[in-house]
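J.: Quick note: the sequence shown uses the numbering used here, first residue 214, plus one each step.
What follows is a structure written as structure tokens; I'll ask about it next.
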Amino acid sequence: MVDKDLNVYLVDFGLAKATRGETSSSSTTVAGTLGFMAPELMQGKSCPASDLYALGITMICWLFDINSALINDYINPDFSINFKQLPRSGVPKIILNAIKKLTEPNLNRRVGSAGDALKLLSPGQDFNKFFLFEQPEQSFPKILALSIVLSITAIVIGVGQLSHSPVLTVF
Numbered sequence: 214m215v216d217k218d219l220n221v222y223l224v225d226f227g228l229a230k231a232t233r234g235e236t237s238s239s240s241t242t243v244a245g246t247l248g249f250m251a252p253e254l255m256q257g258k259s260c261p262a263s264d265l266y267a268l269g270i271t272m273i274c275w276l277f278d279i280n281s282a283l284i285n286d287y288i289n290p291d292f293s294i295n296f297k298q299l300p301r302s303g304v305p306k307i308i309l310n311a312i313k314k315l316t317e318p319n320l321n322r323r324v325g326s327a328g329d330a331l332k333l334l335s336p337g338q339d340f341n342k343f344f345l346f347e348q349p350e351q352s353f354p355k356i357l358a359l360s361i362v363l364s365i366t367a368i369v370i371g372v373g374q375l376s377h378s379p380v381l382t383v384f
């Protein structure tokens, strides 16, 4: 969420997780908005790449103008994204390829860190060509949204890695 002063808040009202310091006699329960949950979370495993999967799904919702409540309509049973079914949007190929790597169902093939995710979007690209959308008026809001999400994710996941926190904590 962004307020009138452009302060950014990361919110997921569907997310609930036992946080550090809490104990469980059997296992940690992870629950959340299903379409945003990485496959490994269904098995009770989490890592920074789990948050990057959710970031990729968030980018799909923003860049393809999909209501987050309907994202499951675009996710196959194996957690892969049905990119052919997504609405036509003019999203540049480099961004689409980055989203594909963020939402890779196989944890071993998914982007593993926020730093690696940022590298996907900046391999010496010409900034103007990099963010060229079919309709110029679409560019700025989508670039701003993408930049905000990537920046927040890089910071929060980076901090989480330093503090050994297993997943992104949101309010």
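Here a beta-carbon is modelled for each residue, glycine too, at the ideal position from N, C-alpha and C.
1) Please report the straight-line C-alpha distance between Glu-253 and Ile-308, rounded to a whole angstrom.
2) DSSP state of Gly-325, grouped into three classes?
3) Out of Gly-248, Leu-276, Asn-321 and Lys-306, which one is the CA nearest neighbour of Leu-334?
4) Between the stretch 320–331 and the stretch 278–287, do at least 3 Cβ pairs fall closer than 8 angstroms?
5) Can we count Pro-300 as close to the ligand GTP, meaning its CB is less than 7 angstroms from some heavy atom?
6) Ends of the alpha helix (DSSP H) at Asp-264?
7) Using the beta-carbon count (16 or more within 10 Å), is Arg-162 buried or exposed?
8) Does the beta-carbon of Gly-248 have 16 or more other beta-carbons within 10 angstroms, so that it is buried, or is it exposed?
9) Among residues of its own chain, excluding the 5 on either side of Phe-296, which ones have a beta-carbon nearer than 6 angstroms to its beta-carbon?
10) Would you report the Cα separation of Arg-201 and Leu-276, rounded to the nearest angstrom?
11) Check Ile-284 in the structure and name its three-state DSSP category.
12) Looking at the structure shown, is Ile-294 part of a helix, part of a strand, or coil, going by DSSP?
T.: By the coordinates alone:
1) Between the alpha carbons of Glu-253 and Ile-308 lies a gap of roughly 24 angstroms.
2) coil
3) Lys-306
4) no
5) Absence of the ligand GTP from the depicted structure is noted, as is the absence of any ligand whatsoever, leaving it without description.
6) Its alpha helix (DSSP H) spans residues 261–276.
7) No answer is possible for residue 162: it lies beyond the span of the chain, which begins at 214 and ends at 384.
8) buried
9) none
10) Nothing can be reported for residue 201: it is not among the residues displayed for the chain, which extend from 214 to 384.
11) helix
12) In this structure, DSSP gives Ile-294 an extended state, which the three-state scheme calls strand.
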